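Undergrad: If you scroll down you'll find the structure; I have some questions about it.
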Amino acid sequence: KAGVTQTPRYLIKTRGQQVTLSCSPISGHRSVSWYQQTPGQGLQFLFEYFSETQRNKGNFPGRFSGRQFSNSRSEMNVSTLELGDSALYLCASSPVGSGGTGELFFGEGSRLTVL
Amino acid sequence: AQSVTQLGSHVSVSEGALVLLRCNYSSSVPPYLFWYVQYPNQGLQLLLKYTTGATLVKGINGFEAEFKKSETSFHLTKPSAHMSDAAEYFCAVSDRTGANNLFFGTGTRLTVIP
Numbered sequence: 379k380a381g382v383t384q385t386p387r388y389l390i391k392t393r394g395q396q397v398t399l400s401c402s403p404i405s406g407h408r409s410v411s412w413y414q415q416t417p418g419q420g421l422q423f424l425f426e427y428f429s430e431t432q433r434n435k436g437n438f439p440g441r442f443s444g445r446q447f448s449n450s451r452s453e454m455n456v457s458t459l460e461l462g463d464s465a466l467y468l469c470a471s472s473p474v475g476s477g478g479t480g481e482l483f484f485g486e487g488s489r490l491t492v493l
Numbered sequence: 663a664q665s666v667t668q669l670g671s672h673v674s675v676s677e678g679a680l681v682l683l684r685c686n687y688s689s690s691v692p693p694y695l696f697w698y699v700q701y702p703n704q705g706l707q708l709l710l711k712y713t714t715g716a717t718l719v720k721g722i723n724g725f726e727a728e729f730k731k732s733e734t735s736f737h738l739t740k741p742s743a744h745m746s747d748a749a750e751y752f753c754a755v756s757d758r759t760g761a762n763n764l765f766f767g768t769g770t771r772l773t774v775i776p
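Chains A and B are the protein sequences, given in the same order. Numbered per the numbering used here, the first sequence spans residues 379 to 493. Numbered per the numbering used here, the second sequence spans residues 663 to 776.
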């Protein structure tokens, strides 16, 4: 069974630009969560989507958004990039029913560098 | 509010020695508790989890953890360290209402000395 696939793996952007990251969950998984990992702040929850609906949201500004498609694939978008957005963005899928289980299967991440 | 504190950002053990990684949590509701491991340039992998029931939880690769409500702790142990255990370990907490919204600790990097 294929794991969680994230694209692109690495990207470089400049301040003010926007970026879209993609995540394909494990087949059959309907929940997709996004996390930001930085050396200073560690791992922080961005949002979770389940059946194309945002189910939970972390404490990030509105520049961070996401969506989920009918095939459970998900994208996240960051607009008006700032230097502090440089991070590893991790996507995780979950074989979840209602409410979730916390058992997350992570992809290898998309490493974003903002110059 | 939920949070996790991991004591010790770096832990070194000799190969074959006991591994003990400490985690204390704070939660206003019954917690779900997790340990994840991250190898270099990879995503995180679930080692074990506690939701309800038996407080001693066994995970993959010989790791186990015990939920102690009175101490608000969920320490991770392994009787005998192996070189392949070298990685970063994260403790995390969530709850029934947002189980996939995990609050992670800052991580503990485990080094295994041959």
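C-beta atoms are modelled at their ideal positions from N, C-alpha and C, and glycine is treated no differently. Remember, it's a predicted structure, so these values are computed and weren't measured experimentally.
By Cβ distance, which residues of its chain are closer than 8 Å to F765(B), with the 5 residues on each side in sequence left out?
TA: Stepping through the second sequence from its first residue, residue 765(B) is reached at position 103. Q664, S665, V666, A754, V755, S756.
Undergrad: Is it right to say A380(A) is buried, meaning 16 or more other beta carbons lie within 10 angstroms of its own, or is it exposed?
TA: Residue mapping note: residue 380(A) aligns to position 2 of the first sequence, counting from 1. A380(A) should be labelled exposed.
Undergrad: Mind checking who R771(B) pairs with in its DSSP beta bridge?
TA: In the second sequence, residue 771(B) corresponds to position 109, counting from 1. Paired residues: H672(B), E750(B).
Undergrad: Starting from Q438(A), trace the beta strand (DSSP E) in both directions and tell me its first and last residue.
TA: On the first sequence, position 60 is the one that residue 438(A) refers to. Looking at the sequence provided, one finds Phe at residue 438(A) rather than Gln. Segment: none, F438(A) is in no beta strand (DSSP E) and carries neither H nor E.
Undergrad: Can you pull the chain B residues whose beta carbon is under 8 Å from the beta carbon of E486(A), in chain order?
TA: Along the first sequence, read from residue 1 onward, the residue named residue 486(A) stands at position 108. Here the neighbours are N703, Q704, G705.
Undergrad: Select from the stretch 410-432 of chain A all residues with a C-beta closer than 7 Å to any C-beta belonging to chain B, and list them in chain order.
TA: Listed by position along the chain: S411, G420, L421, F423, E426.
Undergrad: How is the beta strand (DSSP E) around H744(B) delimited, first residue to last?
TA: Along the second sequence, read from residue 1 onward, the residue named residue 744(B) stands at position 82. No beta strand (DSSP E) holds H744(B); DSSP gives it neither H nor E.
Undergrad: Should Q432(A) be labelled buried (16 or more other beta-carbon atoms within 10 Å of its own) or exposed?
TA: If you number the first sequence from 1, residue 432(A) lands on position 54. Looking at its Cβ environment, which holds fewer than 16 other Cβ atoms inside 10 Å, Q432(A) is exposed.
Undergrad: Would you say G485(A) and T383(A) are within 8 Å of each other, going by their C-beta atoms?
TA: Here residue 485(A) is taken as the residue at index 107 of the first sequence, counted from 1. Here residue 383(A) is taken as the residue at index 5 of the first sequence, counted from 1. Cβ distance < 8 Å, so G485(A) and T383(A) count as in contact.
Undergrad: State the beta-bridge partners of G420(A) as determined by DSSP.
TA: Reading the first sequence from its first residue, position 42 is the one you call residue 420(A). Paired residue(s): T416(A).
Undergrad: For V774(B), which option in K740(B), E726(B), T768(B) has the closest C-alpha, if you only look at C-alpha atoms?
TA: Numbered from 1 along the second sequence, position 112 holds the residue referred to as residue 774(B). Cα-wise, what sits closest to V774(B) is K740(B).
Undergrad: So S472(A) contacts chain B; which residues on that side make the cut at Cβ distance below 9 Å?
TA: Within the first sequence, residue 472(A) is the residue found at index 94, counting from 1. Residues of chain B passing the Cβ test: A761, N762.
Undergrad: Where DSSP assigns a beta bridge to H737(B), which residues make up the other side?
TA: Residue 737(B) sits at position 75 when you count from the first residue of the second sequence. According to DSSP, H737(B) bridges with E728(B).
Undergrad: Tell me the DSSP bridge mates of D757(B)?
TA: The residue labelled residue 757(B) in the question sits at position 95 within the second sequence. P693(B).
Undergrad: Please classify A716(B) as buried or exposed, where buried requires at least 16 neighbouring CB atoms within 10 angstroms.
TA: Indexing the second sequence from 1 puts residue 716(B) at position 54. Answer is exposed; the Cβ neighbour count stays below 16.
Undergrad: Which residue marks the beginning of the beta strand (DSSP E) containing S452(A), and which one marks its end?
TA: For the purposes of this step, residue 452(A) is identified with residue 74 of the first sequence, where counting begins at 1. 452-456 is the extent of the beta strand (DSSP E) around S452(A).
Undergrad: In or out: H737(B) buried (at least 16 other Cβ within 10 Å) or exposed?
TA: Residue mapping note: residue 737(B) aligns to position 75 of the second sequence, counting from 1. Buried.
Undergrad: Rounded to whole angstroms, what is the Cα-Cα separation between F752(B) and Q396(A)?
TA: Counting from 1 along the second sequence, the entry for residue 752(B) is found at position 90. Counting from 1 along the first sequence, the entry for residue 396(A) is found at position 18. Taking the straight line from one Cα to the other gives about 30 Å.
Undergrad: Could you check what DSSP says for N686(B) in three-state terms: helix, strand or coil?
TA: On the second sequence, position 24 is the one that residue 686(B) refers to. Three-state result, N686(B): strand.
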